[in-house]
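K.L.:
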Amino acid sequence: MTIPTEPIGSIPRPAELVAAMQKAAEGGISDTELAALFDEAVRSTVDELEATGSPVITDGEQRKPSFVTYPIAGLETLAGDGVVIPFADGHERRLPVLTSGPFRYAAYADSYLLAAQEVATRPVKQAVISASALSLLYPTDGIDGYPREDFLADLVDEAEADIRRCLDAGAFNVQIDFTEARLSLKLGPSGGLLRSFVELNNQVLDRFPADVRSHRIGVHSCPGGDHDSTHSADVDYTALLPTLFELHAGAFYLELAGEQDPESVLEAVSESLRPGQRVFVGVTDPIDPEVETPWQVVERVLLAAKHIPVAQLGTTDDCGFSPFADDGSTGRETAFAKIRARVEGTALAAEQLGV
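All you need for the numbering used here is the position in the sequence shown, starting with 1, plus 291.
1) In the structure shown, what three-state DSSP assignment does Thr323 receive?
2) Just verifying my parser: in three-state terms, what is the DSSP assignment at Gln551?
3) Going by the beta-carbon positions, is the gap between Tyr429 and Leu389 smaller than 9 Å?
4) Could you spell out the range, first to last residue, of the alpha helix (DSSP H) harbouring Asp468?
5) Roughly how many angstroms lie between the CA atoms of Ser613 and Asp502, to the nearest whole one?
6) Assign His382 to one of two classes, buried (16 or more other C-beta atoms within 10 Å of its C-beta) or exposed (fewer than that).
7) Quick one, are the C-beta atoms of Cys513 and Glu537 less than 9 Å apart?
8) Rank Ser555, Val337, Ile578, Glu635 by C-alpha distance to the C-alpha of Ala406 and give the top, closest one.
9) Reducing DSSP to helix, strand and coil, say where Phe543 ends up.
10) List in chain order: all unbroken alpha helix (DSSP H) runs of 4+ residues lying wholly within the stretch 306-379.
11) Are Gly365 and Ala326 closer than 9 Å when you measure CB to CB?
12) Do Arg623 and Glu339 come within 9 Å of each other at the CB atom, strictly closer than that value?
13) Check Gly636 in the structure and name its three-state DSSP category.
14) Using the DSSP secondary-structure output, state which residues sit across from Gly573 in a beta bridge.
15) Assign Ser391 to buried or exposed, taking buried as 16 or more other Cβ atoms, counted over all protein chains shown, within 10 Å of its Cβ.
16) Exposed or buried, what is Asp372 when buried is set at 16 or more other beta-carbons lying within 10 Å of its beta-carbon?
17) Secondary structure at Ser523, three-state DSSP: helix, strand or coil?
18) Taking the alpha-carbon positions, what's the Ala370 to Val601 distance?
19) Mind checking Arg504: buried by the 16 CB within 10 Å criterion, or exposed?
20) In the DSSP assignment, find the unbroken beta strand (DSSP E) run with Glu471 in it and report its ends.
21) Give, in chain order, every unbroken run of the alpha helix (DSSP H) that is at least 4 residues long and sits entirely within the stretch 372-419.
22) Candidates Gln603, Phe488, Gly482: which alpha carbon is nearest Ser561's?
23) On the three-state DSSP scale, how would you describe Phe615?
24) What did DSSP end up calling Thr621 once you bin it into helix, strand or coil?
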């Protein structure tokens with residue numbers, strides 16, 4: 292046995308690709324030219340990730356417009372005045388709003404997975420967006436002839452298909468991005484919104500056999516990282532954790548390195564963790580420009596091991612390094628250096644723990 296370590300997903304896109312994506316949105320570059328840049332970015336990212344020694348890799352989400360909007364990019368049944376997500380530094384992200392049904396994905400994540408597998412020599416995991424995040428697309432005043440219940444039924448079908456297609460395509464595992472979990476406690480402090488999100492996501496998860504959920508499906512939660520800021524780091528983590536672990540998944544990828552009091556979080560994790568669940572604790576902080584040393588990672592792993600059984604412990608990064616394509620606040624070199632430190636530090640910690 293050793294301590295598994297995995298990335299979350301996104302790596303900053305090359306500046307040339309970000310510029311080309313903007314040009315494409317304005318009609319200033321052909322699909323063929325953009326596709327060639329996507330191919331090169333994925334190839335380069337996979338090569339760099341494998342060079343870090345990471346036993347599991349991703350495509351760095353080079354083709355995704357963002358971690359949340361990839362299934363709906365290009366849909367004509369959307370308007371721009373949806374839910375606003377404010378970040379601590381004052382900037383905002385806004386989701387679109389659905390204008391008519393039925394709801395269908397425009398793209399599934401297996402398309403990214405298959406392209407990465409063509410150039411990868413190591414197992415590739417795939418991140419997908421949660422059903423709960425996309426539930427925010429439905430307008431509060433409803434849609435004539437398309438009630439919310441019908442929308443949620445369609446959404447659960449589509450979210451299931453997104454996961455199943457990745458599993459069928461040979462993904463090492465599938466990680467559901469549930470970054471709105473902590474944010475939900477800001478939007479609904481009573482916890483009712485969080486519970487409704489967990490119930491919705493469990494509707495999707497329960498469509499898979501228990502052994503698949505236990506070994507090949509996980510959930511990522513963080514306070515949102517974008518342009519070196521967060522949307523919900525001020526929400527008490529301990530209020531989230533008991534409900535989070537009610538999700539019917541086997542792996543949980545939790546932000547921790549950026550926490551002011553990581554030990555209190557670990558104590559809460561140890562109280563909520565269930566048999567058969569594994570926690571991948573964040574040991575590198577993507578929004579901190581300083582690159583962690585392997586020995587800093589060792590310290591963080593050893594602290595986690597005081598509260599979490601080693602057999603249920605893994606390591607990861609707190610968040611993706613560029614969840615939105617236009618976020619260039621972290622350089623690619625910094626991202627790869629942090630990942631390398633995570634991989635090396637996790638191996639050193641495993642040696643110290645005798646596993």
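Glycine included, every Cβ here is placed at the ideal spot set by N, Cα and C.
P.N.:
Once the coordinates are examined:
1) DSSP places Thr323 in helix when its eight states are reduced to three.
2) coil
3) Between Tyr429 and Leu389, the C-beta spacing is below 9 Å.
4) Looking at the DSSP string, Asp468 is not in any alpha helix (DSSP H); the run it does join, the beta strand (DSSP E), is 465-468.
5) 32 Å
6) exposed
7) no
8) Val337
9) strand
10) Whole alpha helix (DSSP H) segments, 4+ residues: 306-316, 322-342.
11) no
12) yes
13) The three-state reading of DSSP puts Gly636 in helix, counting H, G and I together.
14) Thr607
15) exposed
16) Residue burial annotation: Asp372 is exposed, with fewer than 16 other C-beta atoms found within 10 angstroms of its C-beta.
17) coil
18) 47 Å
19) Taking a 10 Å sphere around the C-beta of Arg504, we find 16 or more other C-beta atoms and assign the residue as buried.
20) That residue, Glu471, is in no beta strand (DSSP E); its alpha helix (DSSP H) goes 471-478.
21) 401-408
22) Gln603
23) strand
24) coil
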